[in-house]
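Asks:
Protein chains in written order, with my numbering: chain A, 1 to 112; chain B, 1001 to 1115.
(1) Going by DSSP, name the residue or residues bridged to residue 81 (chain A).
(2) Are the Cβ atoms of residue 1065 (chain B) and residue 1077 (chain B) separated by less than 9 Å?
(3) Tell me, which residues are paired with residue 1085 (chain B) by DSSP?
(4) Is any beta-carbon of chain A found at less than 9 Å from that of residue 1020 (chain B)?
(5) Under the rule that 16 or more other beta-carbon atoms within 10 Å means buried, what is residue 1026 (chain B), buried or exposed?
(6) Using 8 Å for Cβ pairs, my map puts residue 27 (chain A) next to residue 2 (chain A). What's the rounded Cβ distance?
(7) Does DSSP put residue 1042 (chain B) in a helix, in a strand, or in coil?
(8) When you compare only the Cα positions, how much space is there between residue 1022 (chain B) and residue 1083 (chain B)?
(9) Is the CB of residue 102 (chain A) under 9 Å away from at least one CB in chain B?
(10) Is the beta carbon of residue 1013 (chain B) closer than 9 Å to that of residue 1110 (chain B)?
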């Protein structure tokens, strides 16, 4: 079955430290991949998306993600997190059926 | 440009009551969506409207109805609310339905509690 997995429910990092959020998908072909961020009490905002081409994708707010076909992964990274990055992050995929399938989300906590 | 707006922001219902969640977008998008968000389950699609005049069931449509009132507005109705419908509801819109690469834009959500 087509699915998106975010194995980490909750991650805590120190301000200024690097961040990597994991996302894996299950699909026979390469899906279209997205990362969204949800700040407390807000809707979802698109950080970045991958369709084809360069496997390293740059997004807003200093985030980037790398698509690795061999690992069926699309991990989100940021070199140095800020307190304002505390939020919930969702990986999503379109498996060619015009619908988005979301992962269960990873909640990011930043400690001073 | 307000983007996607939703009303109300919060609502408490008693079991069996009905209500309609409103959604509007000002981006001239063709497609609109309703999701529910539950802890540990991510977002699940309830209903969608690929274009004005059409609606289709998503992953979890039971207990809900929708109306695409015009190109801008897409409402979600709970006819007889149940505690299992306690959730956060998000409306979203996108320009095209048949483009797998299209971006969905989300509203701020409605937090619904059914007692």
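The beta carbon of each residue, even a glycine, is placed where N, CA and C say it ideally should be.
Replies: Looking at the coordinates:
(1) DSSP links residue 81 (chain A) through a beta bridge to no other residue.
(2) In this structure, residue 1077 (chain B) lies closer than 9 Å to residue 1065 (chain B) by Cβ.
(3) The partner list for residue 1085 (chain B) (beta bridge, DSSP) is empty, contrary to what the question assumes.
(4) Nearest CB-CB separation between residue 1020 (chain B) and chain A: not below the 9 Å threshold.
(5) Flag for residue 1026 (chain B) reads exposed.
(6) Their Cβ separation, rounded to whole angstroms, is 5 Å, which keeps residue 27 (chain A) and residue 2 (chain A) in contact under 8 Å.
(7) It is a strand residue.
(8) Distance from the CA of residue 1022 (chain B) to the CA of residue 1083 (chain B), rounded to the nearest whole angstrom, comes to 20 Å.
(9) Judged by the 9 Å Cβ criterion, residue 102 (chain A) is in contact with chain B.
(10) No; because the gap between Cβ atoms is not below 9 Å, this pair is not in contact.
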